Amino acid sequence: MIEKGRAVCLGADIDTDCIIAGRYLRTRDRSVWASHVFEDLDPALASRLAGAVIVAGKNFGCGSSREQAPVALKEAGVVAVVAPSFARIFFRNAINVGLPVIEADGVSCADGEAIAFSLDEHWIEVGGRRIPVHPLSPRMQEILAAGGLVALWRQRQ
Amino acid sequence: MRSSHRQRGLGRLPTLAETILGGAAGSYVDREVDHAFAHDGTGVLAREAWREMGEPPLPAPERCSILFDHIAPANTGTTATLQAELRAFSRTCGMHFSEIGEGICHQLMSEGRVLPGDVVVGADSHTCTMGAFGAFATGVGATEMAAIWSSGSTWFKVPETIGIVLDGRCTGAAEAKDCALEYVRRLGMDGATYRALEFIGEGTSALSMDSRLTLANMAVETGAKAGMMYADATTRAYLAAYGRDIAVQRPENPGYVQELTIDCTDLVPLITPPHRVDRAVPVERYESTPLDQVFVGTCTNGRFEDLLRFGRIVKDKRVKARTIVVPASRPVLERCIETGVLSWIVGAGCSVGVPGCGPCLGAHMGVLGEGETALSTANRNFKNRMGVGAEYYLASPATAAASALAGAIAVPEVP
Ligand code: SF4
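The following block contains the structure:
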């Protein structure tokens, strides 16, 4: 399957406090997280995330284990996050909530540029250039394909 | 659980992580977990996921816990309602529950519950703290926790291991926290991503359990999956006090993917300025920076040894910066009362909070105001974490004590 989105470019070492600040965690309302996502980085960013593929620097999602971080991104309309490396808890959380995360080196692009990617064929395409990405393990692909861990669990019951 | 001395096909001695998980680095394994816990923050989402999963019965509720520490006591009606639901959930499922005021999840797990060789997962990034016992302990997310509660097991990719060799012993004013800030500086914020750390060497053996917990706690600040130490006579004596009898683990020399040596003898007190955790420098570099608040506590430095060290320095003196001290657990608080350490701390003009996370995550009990500067004994200093627009520095309890007295950043004296 080929998925598409528009690039939103971010720097390296984006931590989960910065994705969704601790002060917004005491709720179960996902729309609250979505509307405050990246607030401390750039308050205008949340409104630009529908259909976005985030292209970030290394170590995306470091810091706290809060799952609200990938949930907020997904809820805000992010299609996938691409980075050379991810903090491992964020990486696992993203897959568990059904947000595609793509490990790839050397992706450079401008904000708003069109991006296409295929998780099962392990590539990402930016500006007409196709770049191979690190494949996910079969287990992770299975969880993502189901739409997350909860969905996979329900399928199996 | 513990695999053979020489892992099949490995051609070298297995690391602690490989031994406990039962597979070679890079392989995927399914493992039953010995402890699976969440706190009042992550527990809310975990319960939510569990409900969406159709409320499956828990196969081993005695291995599952919910511990209230993050916003405990509750700060608003909304928090209180979420906490009430979570309390009821833990009771219904028959899992272990720890009420507000009992302490930080990691500290409580370290008080006789986690044993060498255990597989521990916590819905909190600092679950790696438990590696100090020679357990494989790592953080997971809330949804994953719900799946683990419901199945009793999970999958792991067995990590490669970086060896951290501590040579010599701390001789001066530096302590375990300074050593932790130093290895985080040397490895960098993502220097150990997807990998485990193993602490070895004379410097590690010489450390008390409280100090080892401080070191293991900060492993995640380098991106590491776990920060582990071999259980030895010190571990054995510590756990014996909780009525647990353990066998020591034999340190092997497994051939790490990378080795980092730190000579503890040379260490001086360090401080990590805002807002990157891997930028520690000698405290004197920031000497005399005025402070609005000093915070002593957290899963890094809220243990008895830390409060004792802090208390000894402030005893019979008066702090100049407003100072909040939060013991990591009720037993730590009780010990401070019994030994008189608490009266030194209170007598010096410090506020003492309910055992738990306190202001560490910037949610209650000491949030910083815009433009304020603080020094904290916590483990991370991400921008805005302790208060929007505030700046804060990370350092040891001794540096916190010297600085609280001065009302500005100060170098602690050699005791
Ligand atoms: S003390 Fe701070 S770092 Fe430790 S678990 Fe609590 S909030 Fe997290």
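Heads up: the sequence lines are chains A and B, in that order. Residue 1 is where the first sequence starts when you use our numbering, and the numbers rise one by one after that. Residue 1001 is where the second sequence starts when you use our numbering, and the numbers rise one by one after that. For every residue, glycine included, the Cβ atom is placed at its ideal position computed from N, Cα and C. Since this is a predicted model, take the numbers as computed values, not measurements.
Query raised in the report: Can you find a CB in chain D that lies within less than 7 Å of the CB of VAL150(A)?
Result: Reference to chain D is not applicable here, since the protein chains of this structure are A and B.
**Report entry** Coarse secondary structure for ARG1113(B), derived from DSSP in three states
**Finding:** The residue you call residue 1113(B) lines up with position 113 of the second sequence. Of the three classes helix, strand and coil, the one that applies to ARG1113(B) here is coil, per DSSP.
**Report entry** Amino acids of chain B, ordered along the chain, whose beta-carbon sits closer than 7 Å to that of LEU25(A)
**Finding:** On the first sequence, residue 25(A) is found 25 positions in, with the first residue counted as 1. Result: GLY1041.
Query raised in the report: Between which two residues does the beta strand (DSSP E) carrying CYS1064(B) extend?
Result: Indexing the second sequence from 1 puts residue 1064(B) at position 64. 1064-1067 is the extent of the beta strand (DSSP E) around CYS1064(B).
Report task. Quick one: grab the DSSP three-state call for SER1329(B). Result -> Indexing the second sequence from 1 puts residue 1329(B) at position 329. Here SER1329(B) sits in strand by DSSP.
Query raised in the report: Is any heavy atom in the ligand SF4 found nearer than 6 Å to the beta carbon of THR1214(B)?
Result: Here the question's residue 1214(B) lines up with position 214 in the second sequence. Not one heavy atom of the ligand SF4 sits closer than 6 Å to the Cβ of THR1214(B).
**Report entry** Neighbour flag for SER118(A) against chain B, beta carbons, 7 Å
**Finding:** The count along the first sequence starts at 1 and reaches residue 118(A) at position 118. Under the Cβ criterion of 7 Å, SER118(A) is not counted among the residues facing chain B.
Query raised in the report: Across which residues does DSSP place HIS1039(B) in a beta bridge pair?
Result: Position 39 of the second sequence, counted from the start, is the residue given in the question as residue 1039(B). In the DSSP output, where bridge partners are listed per residue, HIS1039(B) has LEU1067(B).
Query raised in the report: In the DSSP assignment, what are the bridge partners of THR1129(B)?
Result: The residue given as residue 1129(B) occupies position 129 in the second sequence. THR1129(B) pairs with nothing; no bridge assigned.
Query raised in the report: Which full runs of the alpha helix (DSSP H) of 4+ residues lie inside the region 1259-1324 of chain B, going along the chain?
Result: Entirely contained in the region 1259-1324 of chain B, the alpha helix (DSSP H) runs reaching 4 residues are, in chain order, 1298-1301, 1304-1314.
Requested in this report: Within 10 angstroms of the Cβ of HIS36(A), are there 16 or more other Cβ atoms? Answer buried if so, exposed if not.
Outcome: The residue labelled residue 36(A) in the question sits at position 36 within the first sequence. Counting Cβ neighbours within 10 Å, HIS36(A) comes out buried, since at least 16 surround it.
Report task. Please confirm whether LEU1045(B) and ALA1142(B) have their CB atoms less than 7 Å apart. Result -> Residue 1045(B) sits at position 45 when you count from the first residue of the second sequence. Residue 1142(B) sits at position 142 when you count from the first residue of the second sequence. The answer is yes: Cβ separation under 7 Å.
Query - Positions along the region 1102-1129 of chain B whose CB lies within less than 7 Å of some CB in chain A - result: Among the residues of the region 1102-1129 of chain B, those with a Cβ less than 7 Å away from any Cβ of chain A are ALA1123, ASP1124, SER1125, in the order of the chain.
Query - Proximity test, ILE95(A) beta-carbon vs the ligand SF4 heavy atom, cut-off 6 Å - result: Residue mapping note: residue 95(A) aligns to position 95 of the first sequence, counting from 1. Not so, every heavy atom of the ligand SF4 lies at least 6 Å from the Cβ.
**Report entry** ILE1104(B) Cβ short of 6 Å to the ligand SF4 heavy atom set
**Finding:** The sequence position of residue 1104(B) within the second sequence is 104, counting from 1. Result yes, Cβ under 6 Å from the ligand SF4.
Query raised in the report: Is PRO1274(B) closer than 7 Å to GLY1152(B) when the C-beta atoms are compared?
Result: As a position in the second sequence, residue 1152(B) is number 152, starting the count at 1. As a position in the second sequence, residue 1274(B) is number 274, starting the count at 1. Not a contact, by the Cβ cut-off of 7 Å.
Query raised in the report: If you compare alpha carbons, which of LEU1181(B), PRO1282(B), THR1377(B), GLY1223(B) is closest to PRO1327(B)?
Result: Position 327 of the second sequence, counting from 1, holds the residue named residue 1327(B). Of LEU1181(B), PRO1282(B), THR1377(B), GLY1223(B), the residue nearest in Cα terms is THR1377(B).
Query raised in the report: Whose C-beta lies closer than 6 Å to the C-beta of GLY1191(B) among residues of the same chain, with five residues either side of it excluded?
Result: Indexing the second sequence from 1 puts residue 1191(B) at position 191. Once the five neighbours on either side are set aside, the close Cβ partners of GLY1191(B) are THR1222.
Report task. Just list the beta strand (DSSP E) runs in the region 48-119 of chain A, keeping only unbroken ones of 3 residues or longer that don't cross its boundaries, in chain order. Result -> 52-55, 80-83, 101-103, 114-118, all fully within the region 48-119 of chain A.
Query raised in the report: Start and end of the beta strand (DSSP E) containing MET1229(B)?
Result: On the second sequence, position 229 is the one that residue 1229(B) refers to. Here the beta strand (DSSP E) through MET1229(B) covers 1226-1229.
Requested in this report: Look up THR1373(B) in the DSSP assignment and say whether it is helix, strand or coil.
Outcome: As a first step, residue 1373(B) must be located in the second sequence, where it is residue number 373. If DSSP states are grouped into helix, strand and coil, THR1373(B) belongs with the strands.
Query - Beta carbon proximity, ASN1384(B) to chain A, threshold 7 Å - result: On the second sequence, residue 1384(B) is found 384 positions in, with the first residue counted as 1. Closer than 7 Å to some Cβ of chain A, the Cβ of ASN1384(B) qualifies, so yes.
Query raised in the report: How should TRP153(A) be labelled, buried or exposed, when 16 other C-beta atoms within 10 angstroms of its C-beta is the threshold for buried?
Result: The residue labelled residue 153(A) in the question sits at position 153 within the first sequence. The residue in question, TRP153(A), is buried, as its Cβ has 16 or more Cβ neighbours within 10 Å.
Report task. List the DSSP bridge partners of PRO132(A). Result -> Counting from one through the first sequence, the residue named residue 132(A) turns up at place 132. According to DSSP, which records beta bridges pairwise, PRO132(A) is partnered with TRP123(A).
**Report entry** Proximity of GLY5(A) and VAL53(A) at Cβ, strictly below 7 Å
**Finding:** Numbered from 1 along the first sequence, position 5 holds the residue referred to as residue 5(A). Numbered from 1 along the first sequence, position 53 holds the residue referred to as residue 53(A). Yes. Within cutoff.
Report task. With distances taken Cα to Cα, identify the nearest neighbour of ALA1196(B) among THR1214(B), ALA1219(B), HIS1035(B), VAL1367(B). Result -> Working through the second sequence from its first residue, we reach residue 1196(B) at position 196. Closest in C-alpha terms to ALA1196(B), from the list THR1214(B), ALA1219(B), HIS1035(B), VAL1367(B), comes ALA1219(B).
Report task. Assuming ALA1408(B) contacts PRO1290(B) (C-beta within less than 8 Å), just tell me the rounded distance between them. Result -> Sequence index remark: in the second sequence, residue 1408(B) carries index 408 (1-based). Sequence index remark: in the second sequence, residue 1290(B) carries index 290 (1-based). Yes, ALA1408(B) and PRO1290(B) are in contact; Cβ-Cβ is about 5 Å, under 8 Å.
Report task. Consult DSSP for CYS9(A) and reduce its assignment to one of helix, strand or coil. Result -> Numbered from its first residue, the first sequence carries residue 9(A) at position 9. Three-state DSSP puts CYS9(A) in a strand.
Query - Same chain only: Cβ atoms within 8 Å of GLY1243(B), ignoring 5 sequence neighbours per side - result: In the second sequence, counting from the first residue as 1, residue 1243(B) sits at position 243. These residues qualify, in order along the chain: GLY1112.
Requested in this report: May I ask you to check if the CB of LEU1361(B) is nearer than 6 Å to at least one heavy atom of the ligand SF4?
Outcome: For the purposes of this step, residue 1361(B) is identified with residue 361 of the second sequence, where counting begins at 1. Inclusion of LEU1361(B) in the 6 Å shell around the ligand SF4 follows from its C-beta lying nearer than that to a non-hydrogen atom of the ligand.
**Report entry** Partners in chain B for GLY63(A), counting only beta-carbon separations shorter than 8 Å
**Finding:** One-based indexing of the first sequence puts residue 63(A) at position 63. Close partners of GLY63(A) in chain B (Cβ separation under 8 Å): SER1125, ARG1380, PHE1382.
Query raised in the report: CB of HIS1096(B) to nearest heavy atom of the ligand SF4: below 6 Å?
Result: Position 96 of the second sequence, counting from 1, holds the residue named residue 1096(B). No, Cβ of HIS1096(B) sits at least 6 Å from all heavy atoms of the ligand SF4.
Query raised in the report: Excluding five sequence neighbours on each side, which residues of the same chain lie with their C-beta closer than 7 Å to the C-beta of LEU1267(B)?
Result: On the second sequence, position 267 is the one that residue 1267(B) refers to. Within the same chain, LEU1267(B) has close Cβ partners CYS1170, ALA1174, ASP1178, CYS1179, GLU1182.
Report task. Given a cut-off of 7 Å, decide if TYR1256(B) and GLY1163(B) are closer than it, judged by their beta-carbon atoms. Result -> Against the second sequence, residue 1163(B) aligns to sequence position 163. Against the second sequence, residue 1256(B) aligns to sequence position 256. TYR1256(B) sits close to GLY1163(B), with the two beta carbons spaced by under 7 Å.
Report task. Give a yes or no on whether the minimum CB-CB distance between ASP1278(B) and chain A is below 7 Å. Result -> In the second sequence, counting from the first residue as 1, residue 1278(B) sits at position 278. No, because no Cβ of chain A sits closer than 7 Å to the Cβ of ASP1278(B).
Report task. Could you confirm whether any beta carbon from chain B is found closer than 7 Å to the beta carbon of ASP105(A)? Result -> Locating residue 105(A) in the first sequence gives position 105, where the first residue counts as 1. No, its Cβ sits nowhere closer than 7 Å to a Cβ of chain B.
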